[in-house]
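Below: the structure, in structure tokens.
Residue numbers (full-length UniProt numbering): 1 to 549.
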């Protein structure tokens, strides 16, 4: 082990010595070259920066410990040898002009890369980190550590970075937690830079690594601060199939933050996300729809979304989405837009959005976002149109089979549409009353409140009142909602319902037997609307029974 370390140290020293010997010759030949004097002058300026860079590198405590340093010094020595050889060939008139210009440009590029890598090794601390004990091996049996592999993402030419990226992805597949535990800011920045590499394959693999970091949930802030959003959006526009998929999954996760959503919209992310909703596969479409849904929650992004055609696209996803998840995201996106201006709601109506939302409610578990969007659109279209599109039976179905939130939203929609006596009658005939009465027994206070409010809005219709009277548990449940505690927000609606039912002698008797008078006395003291009048009616009826018995 000691011998191996000494051999490695000797190799680094050997390449350093070779570079320092070649450097004066390379500078002298660059300054004295007659052909392409301007280009050689620029190269000479770069060569003069090599010595300070090598001195800084040689002065680092980890100078002789790691293969990264040895490889860089080997590259510098090779570049200097190439400069000397090229200067000698430059004086040969038989060498073609275009070929020499190309070779000089390549040499300048290599010098820039060598100087940049020397600075990075010293300034970023990567050389020291790479020399630390490894957290996890890249591949079983390999000597390189994960820290070295991460460091290699920042140095050398694209092919070397490509190989390092392959090793990193393999390590992440074997032990993702172990790899992410040793990733630092400089490694994240290097990965982000590779999102714009010349090679499509490198961009694809970098997007895969970034996606893994995003999905881990621990790197969002650092990724965004290091500028990952713009290159991800560029991949959405022109990346390969895999790169676009990984990029859209990353954008979806990042867009859960309102700040990031604004950044995504500000960097032109809306058009490519909309394109993916229309042409992407099931994974990309669902992720793009989810990202757009997140963006639609940001009020200042909604106008841009609408201008880019989001309404028509989301309605199409709702009608023809590849997977159920895409449809759900589209419904939520439309819901966000319906909470905006009346202009947005009118646009959704004109594009046929209500029909699509109602059709989406026909599933076995009606989704809450769709019914909530319909509720928001009720005031933007005539009741005749809503009824002709089948709103009422679908509301009834949601009240019977929907989730708790969906039932609450459907009950709120009932309240919103129950204006005229004719509509109240039609709503009652749709069969929703038994479900609303059942909701009076819900554990959720908000469910009980909205159910009592809906019943109060419908009970004014005589037919509905008669049907409610037939439900044996309706009056007892309403009496329980007279509880005067502050947590019970349904009491005023319960009073309104019981007041409407108090014209029935049978209902009054049930109210009294379940303790309504005691509740109403407390509500009267709290000045709850109509409670005193209902109390007087019940006490008057009880007194008459007592006197005439």
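Even for Gly, the Cβ is constructed at its ideal location relative to N, Cα and C.
_If I measure Cβ to Cβ from residue 543 and keep anything under 7 Å in the same chain, skipping five residues before and after, which residues do I get?_
Only weak support exists for where residue 543 lies, its pLDDT of 47 falling under 50; the value from the coordinates is given anyway. Nothing listed; no residue qualifies.
How many angstroms separate the CA atom of residue 515 from the CA atom of residue 469?
18 Å
| So what does DSSP say about residue 487, is it helix, strand or coil? | coil
Report the CB separation of residue 198 from residue 158 in whole angstroms; it is logged as a contact under 8 Å. 6 Å
* Asked: Can you give the Cα-Cα distance for residue 107 and residue 293, rounded to whole angstroms?
  -> 50 Å
Item to complete: Could you tell me which uninterrupted beta strand (DSSP E) segments, each at least 3 residues in length, are contained entirely in the stretch 28-56, listed from first to last along the chain?
Response: none
* Is there a Cβ from chain C that is less than 9 Å from the Cβ of residue 170? -> In the structure shown, chain C does not exist; there is a single protein chain.
- [ ] Can you tell me which of 265, 379, 325, 74 puts its alpha carbon nearest to the alpha carbon of residue 301?
- [x] 265
- Task: Could you check which residue in 477, 417, 521 has the C-alpha nearest to that of residue 510?
- Result: 477
Exercise. For residue 139, count neighbouring Cβ atoms within 10 angstroms of its own Cβ and tell me buried if that reaches 16, exposed if not.
Key: Here residue 139 scores only 41 on pLDDT, less than 50, and its place in the model should not be relied on; the value that follows carries that caveat. Label assigned to residue 139: exposed.
Three-state secondary structure assigned by DSSP to residue 198
coil
When you compare the stretch 422-429 with the stretch 381-392, are there three or more beta-carbon pairs, one atom per stretch, that lie closer than 8 Å? yes
Excluding the 5 residues flanking residue 507 on each side, which residues of the same chain have their C-beta closer than 7 Å to its C-beta? 469, 475, 501
From residue 262 to residue 256, what does the alpha carbon distance come to, in whole angstroms?
-> 11 Å
### Query
What did DSSP end up calling residue 135 once you bin it into helix, strand or coil?
Because the pLDDT at residue 135 is just 37, under 50, the model does not fix this residue reliably, and the value given afterwards should be weighed accordingly. Three-state DSSP puts residue 135 in coil, outside helix and strand.
Going by CA-CA distance only, name the one from 94, 37, 29 that's closest to residue 81.
-> 29
Quiz item: Which term fits residue 285, buried or exposed, when burial requires 16 or more other beta carbons within 10 angstroms of its beta carbon?
Solution: buried
ask   = Roughly how many angstroms lie between the CA atoms of residue 150 and residue 306, to the nearest whole one?
value = 42 Å
Check residue 95 in the structure and name its three-state DSSP category. coil
Contact check, residue 195 vs residue 210 under 8 Å by CB: the rounded distance?
7 Å
Let me check understanding here. Comparing Cα to Cα, which of 68, 309, 354, 88 lies closest to residue 164?
68
task = Could you have a look at residue 407 and say whether DSSP puts it in helix, strand or coil?
result = helix
What ranges does the beta strand (DSSP E) occupy inside the stretch 480-537, keeping only unbroken runs of at least 3 residues that lie completely in it?
none
For this session: Specify the secondary structure class of residue 162 as computed by DSSP and reduced to three states.
Result: helix
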